[in-house]
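Visitor: Take this structure first; my questions come after.
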Ligand SMILES: [Zn+2]
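In our numbering, the protein residues as written are 76 to 535.
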C-alpha cells in the first residue's frame with residue numbers, strides 16, 4: 076500500500092478546513108463553504124469523490140470487492156455523473172462483512188496497525204440485531220467531527236456565553252461525541268450527564284442552569300415532566316435552545332416541546348453511525364440542511380434504488396467525504412425525505428429538506444398500507460386532550476386477520492374518552508385509510524419513554 080495515497084486524502088480534506096479554530100462571522104463559521112455557489116460546490120465534491128474512491132479501493136478490501144464486482148475501476152469515477160454507477164452500500168452488507176471478518180469487518184479504511192497508532196475512538200450501531208457494526212475512528216477524524224459540528228452548532232445559534240447539558244450516556248453512540256468536541260471548540264462549557272438518571276439531570280438543569288439541552292425529542296418531553304414533578308417550571312429553567320437528535324421530530328412533537336419548555340429554539344441534528352456520524356444534517360432555524368462540501372446526499376426510489384431528483388420523495392443515501400477512517404460511499408441510510416435546492420432564507424446554498432420521516436426500517440406495513448410511526452405520532456400529538464405517550468400494537472385477531480391497535484392516554488381526567496377514541500379512529504381513516512382499535516387510558520398508564528422511543532409492538 077502506498078502511504079502517499081492516505082497522505083494525499085488527508086491533505087485534501089485538510090485543505091478544505093476553513094477558519095477551523097473560530098467562526099468567520101456571526102452567521103457563518105465557514106461562509107466560503109456554507110454559501111459556496113453550487114457550481115463550485117460541485118467541483119469540491121467531485122475532487123473529493125475521485126480521491127475517496129481511489130483511497131477506499133486501496134485501504135478497504137470491502138470496497139475493493141464491491142467495485143471489482145461492479146466492474147468499476149477507481150479511474151472510471153471522474154464526476155458526479157458517475158456517482159449513480161457506484162453500487163449502494165447497505166447495513167446488511169456491512170453485517171455480513173462483520174460476520175465473515177469479525178469483529179470489525181473491512182468497510183473502513185483503517186486496520187489494527189493503523190488504528191492502534193492513530194486511533195481516537197470506536198463507535199457501534201445500537202445492536203438490536205446480534206452483532207453491532209463497529210466503526211473505528213482516528214484522531215484526524217476527531218478534528219473533522221469538531222469542525223463540521225462547530226459549523227452546525229454555529230448555524231443553530233449556539234454562542235459563547237451559553238452552557239450546555241448533553242443528555243446522553245458515555246456510550247459508543249456517535250450522537251453526543253461530535254457535539255462535545257465542537258462545544259469544546261466554541262468554549263461553551265458542558266455539563267456531562269452520562270450516568271445521571273433523569274431526576275439527577277432535571278436537578279442539574281434546575282441548579283446549574285444550562286441554556287442549551289441536547290437530547291432525543293422523547294427525552295426532552297420526558298425531562299420537562301420530571302422537572303415539573305420536582306417542583307420546577309421548565310419554562311423558567313433558562314433553557315433557550317433544545318437540540319433534538321436520534322429520532323424524527325415531527326411538527327406536532329415540536330409544538331409539544333415548545334408547550335412544555337416555553338419559548339425555546341428547537342434545532343435538530345441529523346446523521347447516522349455509518350456515513351454521517353458527525354454532522355450530516357443540521358437546522359438553521361428555517362430548514363434542515365445537509366453539509367454538502369463534506370457529504371454527498373442523494374435520494375433514491377425505494378423500490379428501484381434509482382436516484383430521484385430534488386422535489387420528489389425518496390430514501391436518503393449519503394457518501395461521506397470528510398473521514399480518514401470511514402469515508403463510506405453511497406450508504407443507504409433509508410430515511411424518507413424530499414430534497415430541495417431552492418435558496419434558503421439563512422443564505423446557505425446547500426441542499427435542505429423540511430424534515431425526515433424516520434428510517435425505512437421503522438416503516439410498518441399494515442394491511443398493505445405503509446405507515447410511519449412518526450406520522451402516527453404527529454397525528455396523536457396534535458390532539459390536546461392526549462398525553463405524550465402512545466403505543467402502536469400490531470397483532471392478529473383469532474381468525475388471523477391483521478389488527479392495528481393504538482393505546483393512548485388522556486392528559487387529564489376531564490375529557491370524554493369515548494369521544495376522543497372516535498376522533499382518533501376517524502383521523503386515522505382519513506389520513507391513512509386504516510381503521511385501528513383505539514384504547515384510551517387514564518393519564519400515566521403507559522410506560523414513560525426515556526431515551527430512544529420504542530413505541531411499536533409488532534406481535535404479528
Ligand atoms: Zn437555511
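Heads up, the beta-carbon is just placed ideally off N, CA and C, and yes, glycines get one too.
Between the alpha carbons of residue 595 and residue 507, how many angstroms are there, rounded?
Guide: Outside the modelled stretch of the chain, which goes from 76 to 535, sits residue 595, for which no answer is possible.
Visitor: Rounded to whole angstroms, what is the Cα-Cα separation between residue 466 and residue 446?
Guide: Numbered from its first residue, the chain shown carries residue 466 at position 391. Numbered from its first residue, the chain shown carries residue 446 at position 371. C-alpha separation (whole angstroms): 14 Å.
Visitor: Between which two residues does the alpha helix (DSSP H) harbouring residue 252 extend?
Guide: On the chain shown, residue 252 is found 177 positions in, with the first residue counted as 1. Counting along the chain, the alpha helix (DSSP H) containing residue 252 begins and ends at 249-261.
Visitor: Give the C-beta separation of residue 403 and residue 164 to the nearest angstrom, bearing in mind that I take them to be a contact with Cβ-Cβ under 8 Å.
Guide: Position 328 of the chain shown holds residue 403. Position 89 of the chain shown holds residue 164. Confirmed, about 6 Å.
Visitor: Enumerate in chain order the residues of its own chain whose CB-to-CB distance from residue 201 is below 6 Å, with the five nearest sequence positions on each side excluded.
Guide: Within the chain shown, the letter at position 126 stands for residue 201. Closer than 6 Å at Cβ, skipping near neighbours: no residue.
Visitor: In this structure, does DSSP put residue 195 in helix, strand or coil?
Guide: Translated into the one-based positions of the chain shown, residue 195 becomes position 120. Strand, per DSSP.
Visitor: What number of angstroms, rounded off, separates the C-alpha of residue 37 from the C-alpha of residue 368?
Guide: Residue 37 lies beyond the stretch modelled for the chain, which goes from 76 to 535, so this question has no answer here.
Visitor: How close, in whole Å, do the beta carbons of residue 454 and residue 534 come, if the pair is a contact with beta carbons under 8 Å?
Guide: As a first step, residue 454 is located in the chain shown; it is residue number 379 there, counting from the start. As a first step, residue 534 is located in the chain shown; it is residue number 459 there, counting from the start. With a Cβ gap of about 22 Å, residue 454 and residue 534 do not count as contacting.
Visitor: Smallest Cα separation from residue 328: which of 296, 428 and 185?
Guide: Stepping through the chain shown from its first residue, residue 328 is reached at position 253. The residue with the shortest Cα to Cα distance from residue 328 is 296.
Visitor: For the alpha helix (DSSP H) containing residue 388, name the first residue and the last one.
Guide: Indexing the chain shown from 1 puts residue 388 at position 313. Note, residue 388: premise wrong, no alpha helix (DSSP H); beta strand (DSSP E) at 388-395.
Visitor: Of all Cβ atoms in chain C, is any one closer than 8 Å to the Cβ of residue 295?
Guide: Going by chain labels, chain C is absent from the structure shown, which holds only one protein chain.
Visitor: When every heavy atom of ligand 1 is checked, does at least one fall within less than 7 Å of the C-beta of residue 419?
Guide: The sequence position of residue 419 within the chain shown is 344, counting from 1. Yes, ligand 1 has a heavy atom inside 7 Å of this Cβ.
Visitor: Mapping the DSSP letters down to three states, classify residue 189 as helix, strand or coil.
Guide: Position 114 of the chain shown, counted from the first residue, corresponds to residue 189. If DSSP states are grouped into helix, strand and coil, residue 189 belongs with the helices.
Visitor: Check residue 88 in the structure and name its three-state DSSP category.
Guide: Translated into positions along the chain shown, residue 88 becomes position 13. Here residue 88 sits in helix by DSSP.
Visitor: Can residue 362 be considered in contact with ligand 1, in the sense that its beta carbon sits closer than 7 Å to one or more heavy atoms?
Guide: The residue given as residue 362 occupies position 287 in the chain shown. Flag set: Cβ of residue 362 near ligand 1.
Visitor: Identify the residues that DSSP records as bridge partners of residue 297: which are they?
Guide: On the chain shown, residue 297 is found 222 positions in, with the first residue counted as 1. According to DSSP, which records beta bridges pairwise, residue 297 is partnered with nothing at all.
Visitor: Looking at the unbroken alpha helix (DSSP H) that takes in residue 103, where does it start and where does it end?
Guide: Locating residue 103 in the chain shown gives position 28, counting from the first residue. No alpha helix (DSSP H) holds residue 103; DSSP gives it neither H nor E.
Visitor: Residue 115: beta carbon under 7 Å from a heavy atom of ligand 1?
Guide: Translated into positions along the chain shown, residue 115 becomes position 40. No.
Visitor: Flag residue 423 as yes when its Cβ comes closer than 7 Å to any non-hydrogen atom of ligand 1, and as no otherwise.
Guide: Reading the chain shown from its first residue, position 348 is the one you call residue 423. Residue 423: yes, Cβ under 7 Å from ligand 1.
Visitor: List, from N- to C-terminal side, the beta strand (DSSP E) runs of 3 residues or more that fit wholly inside the region 422-478.
Guide: Fully enclosed beta strand (DSSP E) runs of 3 or longer: 439-441, 444-446 and 461-471.
Visitor: In whole angstroms, what separates the C-alpha of residue 111 from that of residue 226?
Guide: Counted from its first residue, the chain shown places residue 111 at position 36. Counted from its first residue, the chain shown places residue 226 at position 151. The straight-line gap from Cα to Cα measures roughly 14 Å.
Visitor: Taking residue 345 as the reference, give the member of 478, 354 and 385 with the closest Cα.
Guide: For the purposes of this step, residue 345 is taken as the residue at position 270 of the chain shown. The option with the nearest alpha carbon to residue 345 is 354.
Visitor: Between the alpha carbons of residue 101 and residue 364, how many angstroms are there, rounded?
Guide: Residue 101 sits at position 26 when you count from the first residue of the chain shown. Residue 364 sits at position 289 when you count from the first residue of the chain shown. In a straight line, the C-alpha of residue 101 is about 18 Å away from that of residue 364.
Visitor: With a cut-off of 8 Å, do at least 3 Cβ pairs link the region 276-296 to the region 310-327?
Guide: These segments touch.
Visitor: Near residue 300, which residues of its chain fall below 8 Å by C-beta distance, leaving aside the five closest residues on each side in sequence?
Guide: One-based indexing of the chain shown puts residue 300 at position 225. So the list reads 335, 463 and 523, once near-sequence residues are dropped.
Visitor: Where do the ends of the alpha helix (DSSP H) carrying residue 326 lie?
Guide: Mapped onto the chain shown, residue 326 falls at position 251. Element bounds for residue 326: 326-336.
Visitor: Check whether the Cβ atoms of residue 257 and residue 221 sit closer than 8 Å, and answer yes or no.
Guide: The residue you call residue 257 lines up with position 182 of the chain shown. The residue you call residue 221 lines up with position 146 of the chain shown. The answer is yes: Cβ separation under 8 Å.
Visitor: Is residue 181 near residue 210, with beta carbons less than 8 Å apart?
Guide: If you number the chain shown from 1, residue 181 lands on position 106. If you number the chain shown from 1, residue 210 lands on position 135. No, the pair does not count as a contact, with Cβ atoms beyond the cut-off.
Visitor: DSSP state of residue 572, grouped into three classes?
Guide: Within the shown structure, residues of the chain are numbered from 76 to 535, placing residue 572 beyond reach of any answer.
Visitor: Straight-line CA distance for residue 396 to residue 127?
Guide: Position 321 of the chain shown, counting from 1, holds the residue named residue 396. Position 52 of the chain shown, counting from 1, holds the residue named residue 127. Rounded to whole angstroms, residue 396 to residue 127 spans 7 Å at the Cα level.
Visitor: Along the beta strand (DSSP E) that carries residue 499, what are the first and last residues, could you check?
Guide: Locating residue 499 in the chain shown gives position 424, where the first residue counts as 1. Per DSSP, residue 499 belongs to no beta strand (DSSP E); it is in the alpha helix (DSSP H), 492-507.
Visitor: Between which two residues does the beta strand (DSSP E) holding residue 266 run?
Guide: Position 191 of the chain shown holds residue 266. Counting along the chain, the beta strand (DSSP E) containing residue 266 begins and ends at 265-267.
Visitor: Hey, is residue 370 close to ligand 1, as in C-beta under 7 Å from one of its heavy atoms?
Guide: Taking the first residue of the chain shown as position 1, residue 370 is located at position 295. Checking every heavy atom of ligand 1 against the Cβ of residue 370, none is found closer than 7 Å.
Visitor: Could you tell me if residue 82 is buried or exposed, where buried requires 16 or more neighbouring beta carbons within 10 angstroms of its beta carbon?
Guide: The residue given as residue 82 occupies position 7 in the chain shown. So residue 82 ends up on the exposed side.
Visitor: Taking the CB atoms as reference points, tell me whether residue 122 and residue 92 lie closer together than 8 Å.
Guide: If you number the chain shown from 1, residue 122 lands on position 47. If you number the chain shown from 1, residue 92 lands on position 17. Cβ distance not < 8 Å, so residue 122 and residue 92 don't count as in contact.
Visitor: DSSP three-state label for residue 314, please.
Guide: Residue numbering aside, residue 314 sits at position 239 when the chain shown is read from its first letter. If DSSP states are grouped into helix, strand and coil, residue 314 belongs with coil.
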